[in-house]
Amino acid sequence: MKKIVYGLVMALFLACSSQPFTPNKENELLVGKWRITAVDDAAAMINKEEFILSAMHEKYKEGYVFQFEKGPNFKLISETGNPILEGQYGIAIENSGVTFLLPEKKQEISYDLEKKNNGFLLTVTTPGELVNLTIEKI
């Protein structure tokens with residue numbers, strides 16, 4: 003019961019304190035194709051319940067490709083070319099983060115962006131999401 007109450011309080015807090023999703027319009031930082039080169043789900047092993055509830059942990063695999071279009075749309079594509087998911091993305095002020103809006107799941111997932119060699123480290127900031135990614139430009 004405590005977990006349910008805590009979950010409701012956190013959801014209400016996040017709904018009241020978070021910025022509304024703003025789709026990308028002109029920022030071309032991520033435009034193009036980016037291969038997932040590392041999937042770090044080590045944090046997920048700490049709390050199996052949260053890992054199971056994670057909306058996208060089963061979607062991310064090394065070798066999959068993010069295709070970011072000019073404007074707000076993106077796709078995650080498997081190694082065989084099949085679309086895994088589609089949605090919109092928004093880039094934070096000063097390119098400090100990215101948020102994915104997944105319409106079919108009615109969910110937003112946010113990441114901090116950190117430049118790393120030829121790509122970026124995406125460190126998840128959304129509570130309940132536990133998978134960090136490394137992506138490199140193709």
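According to the working numbering, the residues represented by the sequence shown are 3 to 140, in order. Built from N, CA and C at the ideal position, the CB exists for glycine as well. Note that the coordinates shown come from a computational prediction; the quantities given were computed from them, not determined experimentally.
Grab me the residues of Gly92's own chain with a C-beta within less than 8 Å of its C-beta, minus the 5 sequence neighbours each way, in chain order.
Within the same chain, Cβ atoms closer than 8 Å to the Cβ of Gly92 are found at Phe23, Thr24, Pro25, Asn26, Pro74, Val100, Thr101 and Leu103, the five residues on either side in sequence being excluded.
With C-beta atoms as the reference, is Leu78 less than 7 Å away from Phe68?
Yes, these two residues count as a Cβ contact at 7 Å.
What residue does the beta strand (DSSP E) around Pro85 start on, and which one ends it?
First-last of the beta strand (DSSP E) with Pro85: Pro85 to Ile93.
Per-residue DSSP class, three states only, for Ala57:
The predicted model places Ala57 with a pLDDT of 46, which falls under 50 and marks its position as unreliable; any figure quoted below should be read in that light. Three-state DSSP puts Ala57 in coil, outside helix and strand.
Quick check on this structure: which residue in Ile95, Glu106 and Ser98 has the alpha carbon closest to the alpha carbon of Ile86?
Across the set Ile95, Glu106 and Ser98, the C-alpha of Glu106 shows the shortest separation from the C-alpha of Ile86.
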